[in-house]
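All remarks here apply to the structure that follows.
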Amino acid sequence: MEHFALGHWLLVLAYLTSVVGCALGLACAVQARHAADPRHRVRWLVLAAVSIGGVGIWLMHFVAMLGFSTPGMPVRYDIFRTVLSAILSVVAVFAGLVVVGGRAKFGWWRLALGGVITGLAVNVMHYTGMSALRVKGDFGYDGGLVALSVVIAVVAATAALWFAVFLDRLALRLLAGFVMGAAVTGMHYTGMAAVRMTMDANAPDPAGAEVFSFLFPVFVLAAIAMAVPLCAVLMAPAVSPEAAESGVEDAVAV
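Take 12 as the starting number for the sequence shown in the working numbering and just add one per residue.
Shown next as structure tokens:
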């Protein structure tokens, strides 16, 4: 099997896709923490979950999978499990963000728990998405590398949430997007390194769709979907330094 059949530039594209989705989602999460109306808070968290879970994690995964191939043999994807992986990703990220960004006051334990849930969301999406993979043969995983992929996602996701929530500078919040993008991309390729395949040239061709057949319309939908949180973040009032400082003090005190 090959992971970079289209070239190593695909790794850069996948990483940047993740960075954009994660950075925008984390910006929405910051707005949620300082929203006075609970309904507005939930809306911000939904936008954050769609941006991070749908674009930063799910779309990044399938961009990276464009480079996956089994030379001379077809690769297909089960559409139901592919869609399920997207739903699980968004829902799991939403759960993590509710813990971290659901209120203005929270303690370090909420950051840790939110980081664990959000990091596990990356893994849930990846391995559910991989369960949609259909090849001429069977595949399993190296347990050690799977465990490493979980640790990478959880640690880096926690660090990204810390950057985004506790630091009020725009540059540092953008850095949070790069950190979380590294978590998602690093977890993905660690998880792919864990794959162990046994191919059978005599097996029937697998059923399902080619990744190119559904990824282009997904790109279009993602671009449209990203326009909503982007416009919302740009139009939202800036979080005052006093509010951000108060949030940090509250977190330290709890």
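Ideal placement from N, C-alpha and C gives every residue a C-beta, glycine not left out.
As the structure is a prediction and not an experimental result, all values here were calculated from the model.
Same chain, Cβ closer than 6 Å to residue i, five either side skipped, listed in chain order
i, result
"V31", "none"
"T93", "A143"
"G192", "Y26, S29, V30 and C33"
"R52", "A43 and A46"
Reference residue i; option with closest CA among the options
i, options, result
"L144", "G155, P85 and R52", "P85"
"C39", "F15, V104 and N213", "V104"
"A233", "V57, S62 and M141", "S62"
"M141", "Y88, A132, P82 and P228", "Y88"
"G151", "A220, A204, W69 and F225", "A204"
"M136", "L70, L24 and A47", "L70"
"M76", "L156, E221, I235 and W120", "E221"
"A59", "I90, S100 and P82", "S100"
"L226", "G18, G188 and I90", "I90"
"M237", "L22, W20 and L37", "L37"
"I98", "V190, P49, G64 and E13", "G64"
"V190", "V74, V110 and L35", "L35"
Beta-carbon proximity list for residue i, same chain, < 7 Å, skipping 5 on both sides
i, result
"L27", "none"
"A214", "K147 and G148"
"G107", "G125, I128, T129 and A132"
"H72", "M136, H137, G140 and H199"
Residue range of the unbroken alpha helix (DSSP H) whose run includes residue i
i, result
"M136", "W119 to S142"
"G81", "According to the sequence as given, residue 81 is Thr; it is not Gly. Where T81 is concerned, there is no enclosing alpha helix (DSSP H), given that its DSSP letter is neither H nor E."
"G36", "W20 to R44"
### Whole alpha helix (DSSP H) elements within the region 50 to 76, 4-residue minimum
71 to 75
### Query
With a cut-off of 8 Å, do at least 3 Cβ pairs link the region 179 to 196 to the region 207 to 227?
no
### Query
Fully enclosed by the region 138 to 219, which alpha helix (DSSP H) runs are 4 residues long or longer?
154 to 177 and 181 to 204
### Query
Counting pairs of beta carbons, one from the region 154 to 169 and one from the region 125 to 133, are three or more of them closer than 8 Å?
yes
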